[in-house]
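A.B. asks:
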Amino acid sequence: ASQLANDRNLRNALTPQHMANTLNALSKWPVTPDCTAAVKALASRLANDRDLRNALNPQELANALNAL
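Residues in the sequence shown are numbered consecutively from 71, following the numbering used here.
In structure tokens, the structure reads:
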């Protein structure tokens, strides 16, 4: 989680499916600081990347939104 929070290249390499799955996994540990930081960094990428948002299929979108 800390690597995701600190490595923009790693976050940018995530496919839409990986993004949704990663957010879902990290949401299982909401009080862990590294997980919280990673979720915030991933949420920022999702908010700022229209192509990524548009590439999410309905299930991935639902999973990502549920995780946030």
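A virtual CB, placed ideally from N, CA and C, is assigned to each residue, including glycine. Note that the structure is predicted; figures quoted are calculated from it, not measured.
Spatial neighbours of Met89 within its chain, please: CB distance less than 8 Å, with the 5 preceding and 5 following residues excluded, ordered by chain position.
C.D. replies: Leu112, Arg115, Leu116, Leu122, Leu126, Glu130, Ala134
A.B. asks: Can you list, in chain order, the residues of its chain with a C-beta nearer than 7 Å to that of Ala75? Leave out the 5 residues immediately preceding and following it.
C.D. replies: Asp104, Ala107, Ala108, Ala111
A.B. asks: Determine the direct distance from the alpha carbon of Ala137 to that of Pro100, and round the result to whole angstroms.
C.D. replies: 10 Å
A.B. asks: DSSP on Leu126, reduced to helix/strand/coil?
C.D. replies: coil
A.B. asks: Give me, in chain order, the residues of the same chain whose beta-carbon lies closer than 6 Å to that of Leu93; leave out the 5 immediate sequence neighbours on both sides.
C.D. replies: Leu112, Ala134, Ala137
A.B. asks: When you compare the CB positions of Leu80 and Gln87, do they come within less than 8 Å of one another, or not?
C.D. replies: no
A.B. asks: What alpha helix (DSSP H) runs, 4 residues minimum, are completely inside the stretch 89-128?
C.D. replies: 103-118, 120-125
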